[in-house]
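Below is one structure, written out as structure tokens; comments come after it.
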Amino acid sequence: MGALSSIVNTSAPSLYVSLFSITSNPTVWNIIARNEYRKRTTTRALGSPYHGCYLLAILIFTFRLVRDHLCQCALLDQPRVTLLPKLFATLVPVLIFIVGQVFVLTSTYTLGITGTDLTYVGGTLCFAATALWYERPTGLLITLYVYIVYLIALRYEG
1 MGALSSIVNT SAPSLYVSLF SITSNPTVWN IIARNEYRKR TTTRALGSPY
51 HGCYLLAILI FTFRLVRDHL CQCALLDQPR VTLLPKLFAT LVPVLIFIVG
101 QVFVLTSTYT LGITGTDLTY VGGTLCFAAT ALWYERPTGL LITLYVYIVY
151 LIALRYEG
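Just so you know, we're using full-length UniProt numbering here: the sequence shown kicks off at 1 and counts up by one.
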């Protein structure tokens, strides 16, 4: 446990806030989506299924921005450790981030706002890239947590 405590600052509240936001994002949007599927609450309130879908897309996008900010704050409160050789310290995170964004953007472009999936693979890659960029091993543990949360969400979503 001593080795882990040298790379994870468990006393930083920002770590727990970010983990909560990572968990709550797919939980909230899945609850809203399930409610819409079963009861059409948003459709009735807004008068159109497309308005409800766009509202959910706006909420997901906004929640993601907040989550990403909270995760960045958590990373900055964690110990910095050189993770990659200097030659690759910038190149590898940038390439991983680009690949992640390609997954996110192409799925959104292909499926549109009203049919897009949640781009879990691209999002997870972006978390890994951010951890490497900031040289925070805790960020890689957060990335693993993101991956697990997304796997659970995918099982729930069917």
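All C-beta atoms, glycine included, are put in the ideal place defined by N, C-alpha and C.
Integer Cβ distance of residue i from residue j, believed to fall under 8 Å
| i | j | result |
| --- | --- | --- |
| Ala128 | Thr143 | 5 Å |
| Leu65 | Leu55 | Contact flag wrong, Cβ pair sits at about 16 Å. |
Beta-carbon spacing of residue i, residue j below 9 Å
| i | j | result |
| --- | --- | --- |
| Gly100 | Val121 | yes |
| Ile148 | Cys71 | no |
| Gln78 | Ala153 | no |
| Leu83 | Pro137 | yes |
| Arg80 | Glu157 | no |
| Gly123 | Val94 | no |
| Trp133 | Phe97 | yes |
| Cys73 | Ser24 | no |
| His51 | Thr41 | no |
| Thr108 | Thr90 | no |
Neighbour flag for residue i against chain D, beta carbons, 9 Å
| i | result |
| --- | --- |
| Leu105 | Among the chains in the structure shown there is no chain D, since it carries only a single protein chain. |
CA-to-CA distance, residue j to residue i, given in whole angstroms
| i | j | result |
| --- | --- | --- |
| residue 159 | Gly112 | The shown model of the chain, from 1 to 158, leaves out residue 159, and the question about it has no answer. |
| Cys53 | Leu151 | 23 Å |
| Arg155 | Leu141 | 21 Å |
| Glu36 | Leu125 | 30 Å |
| Val92 | Arg67 | 23 Å |
| Arg38 | Thr130 | 37 Å |
| Val17 | Leu4 | 20 Å |
| Arg63 | Ser6 | Going by the sequence as given, residue 63 is Phe instead of Arg. For Phe63 and Ser6, the distance between alpha carbons rounds to 31 Å. |
| His69 | Leu19 | 12 Å |
| Phe103 | Lys86 | 27 Å |
| Leu105 | Arg34 | 25 Å |
| residue 166 | Gly2 | Since the first residue shown for the chain is 1 and the last is 158, residue 166 is missing from the structure and cannot be characterised. |
Inter-stretch contact at 8 Å, needing at least 3 Cβ pairs: the region 25-38 / the region 52-61: yes
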